[in-house]
Every structure is written in structure tokens, then in C-alpha cells.
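Some notes on the structure that comes next.
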Amino acid sequence: MFHYRTSTGHDVDLVLEAQGGWVVGIEVKAAMTLTEDDFKPLRLFSEVTGKRFHRGVLLYMGSEPLGFGPKLHALPVSALWRLDAQRAKHPVTSR
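Residues in the sequence shown are numbered from 48 upward in steps of one, following the working numbering.
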């Protein structure tokens with residue numbers, strides 16, 4: 048896990064890197080609505096990382112998951128809490 052920042056000041060809040068070198072950029076916005084401009088840091092990160100770029104995710108305060116182009120997604124922050132609720136309904140058991 049790390050943070051990415053360009054010399055021009057654009058940054059990606061969190062970068063996750065898999066063992067195979069693939070990267071996922073995660074941005075967090077305290078906004079109910081989004082614009083194409085909100086994805087600029089993730090798009091720049093995609094260009095810099097090239098084929099290693101797996102996905103860009105922007106967490107926001109809205110209520111709907113949204114697509115903003117190939118490999119770019121907006122997810123409501125509330126989706127993180129719903130994962131716990133789903134897990135409680137379908138617990139994973141050890142083998």
C-alpha cells in the first residue's frame with residue numbers, strides 16, 4: 048500500500064499493488080455527486096502505470112455505483128458497510 052503524487056500536485060489517496068505488479072488506485076471524495084474531473088488523478092495514474100493498471104475506484108458519499116469509463120468505477124462509501132451485512136447473512140466457514 049502506498050500513496051501516489053505527481054510533481055504537478057495530482058495524487059491518488061491509496062494505491063494497492065498485487066504480487067504480480069498490478070495496481071489499483073483508490074480515491075476518496077466527500078461529495079454526493081461526481082464529475083469527470085474527479086477522476087483526473089486516477090486517469091493520470093492509469094497512464095503512468097500502463098498495463099499494470101488494473102482498476103481505479105473512487106469512493107464517494109452518493110448512493111449508486113457508477114462507471115466512468117474502462118476500469119474506472121465510483122462506489123458509495125456505504126457499500127463498505129453493506130459488505131459486513133452481507134457477510135453476516137452468508138458467513139464464511141473454515142474448512
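Backbone N, C-alpha and C fix where the C-beta goes; we use that ideal spot for every residue, glycine too.
Applying the 10 Å Cβ sphere with the 16-neighbour rule, what's the burial state of S93?
Buried, by the Cβ-count rule.
Contact defined as beta carbons within less than 8 Å: I believe Y145 pairs with V95. What is the distance between those atoms, to the nearest angstrom?
Since the first and last residues shown for the chain are 48 and 142, residue 145 lies out of range.
Alpha-carbon to alpha-carbon, K87 and L122
16 Å
Candidates W69, K76, V75 and G116: which alpha carbon is nearest G97's?
W69
Can you name the residues that DSSP bridges to D85?
Answer is none; D85 lacks a bridge partner.
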